[in-house]
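Engineer: Can you keep this structure in mind? I'll have questions shortly.
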Amino acid sequence: MKWLVVVLVILVIVLIAVSVYAANFFLNVALFRNNKWYDQTGHKMMNPDNFNKGKSQYDLVEEEQNKLGAAFWQESFAQDHWLKIGGEKLYSRLIIPHPESKKWVICVHGYRSFGQRDMAFVATKFSEQQYNMLIPDLRAHGQSTGNIIGMGWLDRLDLLQWIDEVLAIEPQAEIVLFGGSMGAATVMMVSGETLPKNVKGLIVDCGYSSVYSEFGAMLRSAFKLPGFPILTIANRWAKKKVGYSLKEASSVAQLAKNELPTLFIHGTGDKFVPHQMLYENMEATNGVKESLIIEKAPHLSSFIYEPAHYFETVFEFIARYC
Numbered sequence: 178m179k180w181l182v183v184v185l186v187i188l189v190i191v192l193i194a195v196s197v198y199a200a201n202f203f204l205n206v207a208l209f210r211n212n213k214w215y216d217q218t219g220h221k222m223m224n225p226d227n228f229n230k231g232k233s234q235y236d237l238v239e240e241e242q243n244k245l246g247a248a249f250w251q252e253s254f255a256q257d258h259w260l261k262i263g264g265e266k267l268y269s270r271l272i273i274p275h276p277e278s279k280k281w282v283i284c285v286h287g288y289r290s291f292g293q294r295d296m297a298f299v300a301t302k303f304s305e306q307q308y309n310m311l312i313p314d315l316r317a318h319g320q321s322t323g324n325i326i327g328m329g330w331l332d333r334l335d336l337l338q339w340i341d342e343v344l345a346i347e348p349q350a351e352i353v354l355f356g357g358s359m360g361a362a363t364v365m366m367v368s369g370e371t372l373p374k375n376v377k378g379l380i381v382d383c384g385y386s387s388v389y390s391e392f393g394a395m396l397r398s399a400f401k402l403p404g405f406p407i408l409t410i411a412n413r414w415a416k417k418k419v420g421y422s423l424k425e426a427s428s429v430a431q432l433a434k435n436e437l438p439t440l441f442i443h444g445t446g447d448k449f450v451p452h453q454m455l456y457e458n459m460e461a462t463n464g465v466k467e468s469l470i471i472e473k474a475p476h477l478s479s480f481i482y483e484p485a486h487y488f489e490t491v492f493e494f495i496a497r498y499c
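Last residue of the sequence shown? That's 499 in the numbering used here, and every number before it is there in order.
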């Protein structure tokens, strides 16, 4: 019996050691800007659809959308706009094609992306509806400084500052918050804060229910590892390493305090954020809510798969409730 006890003790020690290593490795990969392993290997593991580009009809649609967005980004009515928060210098593109309009949208990009990449084409569609827009690069992304990735939780506080920037330009602005992926989580997380009455509604595309749940999904799908005990350890360490725990960074908890109209969008082919999280988020919110499900669309690709249906739904929702 003694040898059996010894073996069990050794196995437990090995399990703990491996879990501690895995938790630390995963936090460094997921939550810090400069990580060579993520750039070389991790990105492809976590979101393989980004690396399966070819010449399908959807790839051609995406190429055309990107061209339109790039041209719009450089229009004469667009300019760089900077904001200093603490020790960081945060970038945004301020685009005012309709100076007399009171309609504004703040478009928030996804994980390890930047504003122009994710939101330039979206901005063209809002401009067609007479919107002006502000499109930030979240801290530790794009042209903004910083090394810690906020996963929407730290970014929600920055978004409050960006809302104030819009109101400084147009005090009577009627603002819609639009986010994709981590940007959607940022919008959902800010919804639980005290927002100005100028904010009229939220559009959230493929946002996760919490950082803890999203990282659990990634461990299982990309790394083939169980969430426990790795996430339990990572959750404890995250507070010290990045200033927030994985569990407190919760869209669901923040949406429970939200009363703004919210449109939830997700593609069923999403391998990065499970589309079932849409239902958790919808159930949590107290505001008017509707959903748009795009069959087979990968992560943040619903407006590539069904652009006409997508934007008709978005602007019909805004017209009804915002």
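We put the beta carbon where it would ideally sit given N, CA and C, even for glycine.
Computed from a predicted model, the values in this text were never measured in an experiment.
Express the C-alpha separation of Pro438 and Phe488 in angstroms, rounding to a whole number.
Structural biologist: Taking the straight line from one Cα to the other gives about 17 Å.
Engineer: Any idea what DSSP makes of Val197, helix, strand or coil?
Structural biologist: It is helical.
Engineer: CB Gln338 to CB Leu260, shorter than 8 Å?
Structural biologist: Yes, these two residues count as a Cβ contact at 8 Å.
Engineer: Compute the beta-carbon to beta-carbon distance between Asp332 and Thr371, rounded to the nearest angstrom, for a pair I have assumed lies under 8 Å.
Structural biologist: Their Cβ separation, rounded to whole angstroms, is 17 Å, which puts Asp332 and Thr371 out of contact at 8 Å.
Engineer: Once DSSP output is grouped into helix, strand and coil, what is the label at Asn224?
Structural biologist: Here Asn224 sits in coil by DSSP.
Engineer: Ordered along the chain, which non-local residues of its own chain (more than five positions away) have a Cβ less than 6 Å from that of Lys434?
Structural biologist: Cβ within range, chain order: Gly369.
Engineer: Is it a yes or a no for the segment 475-494 touching the segment 410-423, going by three-plus beta-carbon pairs under 8 Å?
Structural biologist: The segment 475-494 vs the segment 410-423: no contact.
Engineer: Please report the residue range of the alpha helix (DSSP H) in which Trp414 lies.
Structural biologist: From DSSP, the alpha helix (DSSP H) with Trp414 extends over Ile407 to Val419.
Engineer: Thinking C-beta only, is Asn227 closer than 8 Å to Gly278?
Structural biologist: The identity of residue 278 in the sequence shown is Ser, whereas the question assumes Gly. Result no, Cβ atoms of Ser278 and Asn227 do not sit closer than 8 Å.
Engineer: Using CA coordinates, which residue listed in Ser427, Ala255, Gln217 and Trp330 is at the minimum distance from Ala297?
Structural biologist: The shortest Cα separation from Ala297 among Ser427, Ala255, Gln217 and Trp330 belongs to Ala255.
Engineer: Measure the alpha-carbon distance for Gly404 versus Gln251 and round it to whole angstroms.
Structural biologist: Their backbone Cα atoms lie some 44 Å apart in a straight line.
Engineer: State the start and end residues of the unbroken beta strand (DSSP E) segment that holds Lys302.
Structural biologist: Unbroken run through Lys302 is the alpha helix (DSSP H), Gly292 to Glu305; no beta strand (DSSP E).
Engineer: Please classify Glu241: is it buried, with 16 or more other beta-carbons within 10 angstroms of its beta-carbon, or exposed?
Structural biologist: With fewer than 16 other Cβ atoms within 10 Å, it is exposed.
Engineer: Please determine, among Arg294, Ile380 and Cys284, the residue with the shortest C-alpha to C-alpha distance to Ile495.
Structural biologist: Among Arg294, Ile380 and Cys284, the Cα nearest to that of Ile495 belongs to Ile380.
Engineer: How many Å lie between Ile352 and Gln293 at the Cα?
Structural biologist: In a straight line, the C-alpha of Ile352 is about 20 Å away from that of Gln293.
Engineer: Helix or strand or just coil, what does DSSP make of Ala207?
Structural biologist: Reduced to three states, the DSSP call for Ala207 is helix.
Engineer: Across which residues does DSSP place Ile312 in a beta bridge pair?
Structural biologist: Note: Ile312 sits in a beta bridge opposite Arg270.
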